[in-house]
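Here is the structure we will look at, set down as structure tokens.
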Amino acid sequence: DVKVTQSSRYLVKRTGEKVFLECVQDMDHENMFWYRQDPGLGLRLIYFSYDVKMKEKGDIPEGYSVSREKKERFSLILESASTNQTSMYLCASRLDPGQSYEQYFGPGTRLTVT
Amino acid sequence: DQQVKQNSPSLSVQEGRISILNCDYTNSMFDYFLWYKKYPAEGPTFLISISSIKDKNEDGRFTVFLNKSAKHLSLHIVPSQPGDSAVYFCAASASRSGYALNFGKGTSLLVTP
Numbered sequence: 561d562v563k564v565t566q567s568s569r570y571l572v573k574r575t576g577e578k579v580f581l582e583c584v585q586d587m588d589h590e591n592m593f594w595y596r597q598d599p600g601l602g603l604r605l606i607y608f609s610y611d612v613k614m615k616e617k618g619d620i621p622e623g624y625s626v627s628r629e630k631k632e633r634f635s636l637i638l639e640s641a642s643t644n645q646t647s648m649y650l651c652a653s654r655l656d657p658g659q660s661y662e663q664y665f666g667p668g669t670r671l672t673v674t
Numbered sequence: 009d010q011q012v013k014q015n016s017p018s019l020s021v022q023e024g025r026i027s028i029l030n031c032d033y034t035n036s037m038f039d040y041f042l043w044y045k046k047y048p049a050e051g052p053t054f055l056i057s058i059s060s061i062k063d064k065n066e067d068g069r070f071t072v073f074l075n076k077s078a079k080h081l082s083l084h085i086v087p088s089q090p091g092d093s094a095v096y097f098c099a100a101s102a103s104r105s106g107y108a109l110n111f112g113k114g115t116s117l118l119v120t121p
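Protein chains in written order, with the numbering used here: chain L, 561 to 674; chain Z, 9 to 121.
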């Protein structure tokens with residue numbers, strides 16, 4: 561069974577803080593993704609990584625950065641948290657797209673920025 | 009611009025009846041489609057998928073139909089059960105793009121006893 565874990569289920573941070581969200585997958589997947597989910601907006605792609613040290617911007621990268629130093633770990637960084645970044649953050653991983661389109665999701669981190 | 013659209017934000021169905029969730033897409037390059045199910049406070053879980061070379065795929069109570077000419081797909085759940093109550097997301101991918109899944113906004117299904 562594929563397992564994607566996220567470091568926190570719930571997080572409360574103050575405006576201006578630097579926030580790290582960690583994601584780890586245990587299936588040796590090449591690709592990893594960060595999404596945010598907001599009511600009425602569905603899942604929106606923030607960043608993705610198709611290999612170690614590689615990253616690509618998604619649809620809404622502003623205010624975020626990412627790091628992938630090891631294959632199993634993909635971090636999302638909010639350099640200076642703002643209230644409009646209050647959201648559910650979802651990490652996903654996948655084999656190379658030549659093998660599978662299916663993405664496996666972690667349980668999510670509910671981030672509140674006050 | 010939303011390339012995958014789920015125009016019904018919510019749907020209520022009685023237990024035992026059929027649930028039909030609809031999805032439309034605009035990008036003719038999409039050639040692979042997936043449905044995900046999401047419970048509150050959990051990540052989405054993969055449900056069923058279909059390639060554009062097929063028009064139907066079935067897995068137990070779940071069937072996905074694809075109408076390429078209409079750029080429309082639907083998920084049928086028969087019979088519906090209270091445990092099916094969740095948000096369902098439609099997603100699409102173009103093989104040439106390689107990496108991205110484009111998600112719809114989701115449809116919240118409520119199955120009542």
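The beta-carbon is built from N, C-alpha and C at its ideal position, and this holds for glycine as well.
Practice item. Answer with yes or no whether the minimum CB distance from residue 661 of chain L to chain A is below 8 Å. Key: In summary, chain A is missing from the structure at hand, where the protein chains are L and Z.
Exercise for review: Could you have a look at residue 92 of chain Z and say whether DSSP puts it in helix, strand or coil?
Suggested key: Correct three-state label for residue 92 of chain Z: helix.
Practice item. Using three-state DSSP, classify residue 585 of chain L as helix, strand or coil. Key: Here residue 585 of chain L carries a strand assignment [DSSP, helix/strand/coil].
Practice item. Please work out which residues of its chain come closer than 6 Å, Cβ to Cβ, to residue 616 of chain L, disregarding the five sequence neighbours upstream and downstream, and give them in chain order. Key: Cβ within range, chain order: 608.
Review point. If you drop the 5 nearest sequence neighbours on each side, which residues of the same chain put their C-beta closer than 8 Å to that of residue 13 of chain Z?
Key: Around residue 13 of chain Z, the same chain offers 31, 32, 33, 34, 112 and 113 as residues with beta carbons nearer than 8 Å, after the five sequence neighbours per side are excluded.
Exercise for review: Less than 8 Å between the CB atoms is what I'm expecting for residue 643 of chain L and residue 673 of chain L, so what's the real figure, rounded?
Suggested key: Contact between residue 643 of chain L and residue 673 of chain L holds, with the beta-carbon distance rounding to 5 Å and staying under 8 Å.
Check your understanding: For residue 117 of chain Z versus residue 19 of chain Z, is the C-beta spacing smaller than 8 Å?
Key -> Yes.
Point to revise | First and last residue of the uninterrupted beta strand (DSSP E) at residue 592 of chain L | key: Segment 591–598, the beta strand (DSSP E) holding residue 592 of chain L.
Practice item. Could you check the C-alpha separation between residue 26 of chain Z and residue 97 of chain Z for me, to the nearest Å? Key: As the crow flies, the alpha-carbon of residue 26 of chain Z is around 18 Å from that of residue 97 of chain Z.
Exercise for review: Identify whether residue 643 of chain L lies in helix, strand or coil by the three-state DSSP scheme.
Suggested key: Reduced to three states, the DSSP call for residue 643 of chain L is helix.
Review point. Whose C-beta lies closer than 7 Å to the C-beta of residue 598 of chain L among residues of the same chain, with five residues either side of it excluded?
Key: 647.
Review point. Where does the unbroken beta strand (DSSP E) through residue 619 of chain L begin, and where does it stop?
Key: Run containing residue 619 of chain L: none; DSSP gives neither H nor E here.
Check your understanding: Any C-beta of chain L sitting closer than 8 Å to the C-beta of residue 68 of chain Z?
Key -> Not an interface residue.
Review point. So, does the CB of residue 621 of chain L fall closer than 8 Å to a CB anywhere in chain Z?
Key: It does not; no Cβ of chain Z falls within 8 Å.
Review point. Does DSSP classify residue 119 of chain Z as helix, strand or coil?
Key: The DSSP-derived three-state label of residue 119 of chain Z is strand.
Check your understanding: At a CB-CB cut-off below 9 Å, which residues of chain Z make contact with residue 665 of chain L?
Key -> Going along chain Z in sequence order, the residues near residue 665 of chain L (Cβ under 9 Å) are 44, 46, 50, 51, 52, 53 and 54.
Check your understanding: Between which two residues does the beta strand (DSSP E) harbouring residue 32 of chain Z extend?
Key -> 27–33 is the span of the beta strand (DSSP E), which, as asked, contains residue 32 of chain Z.
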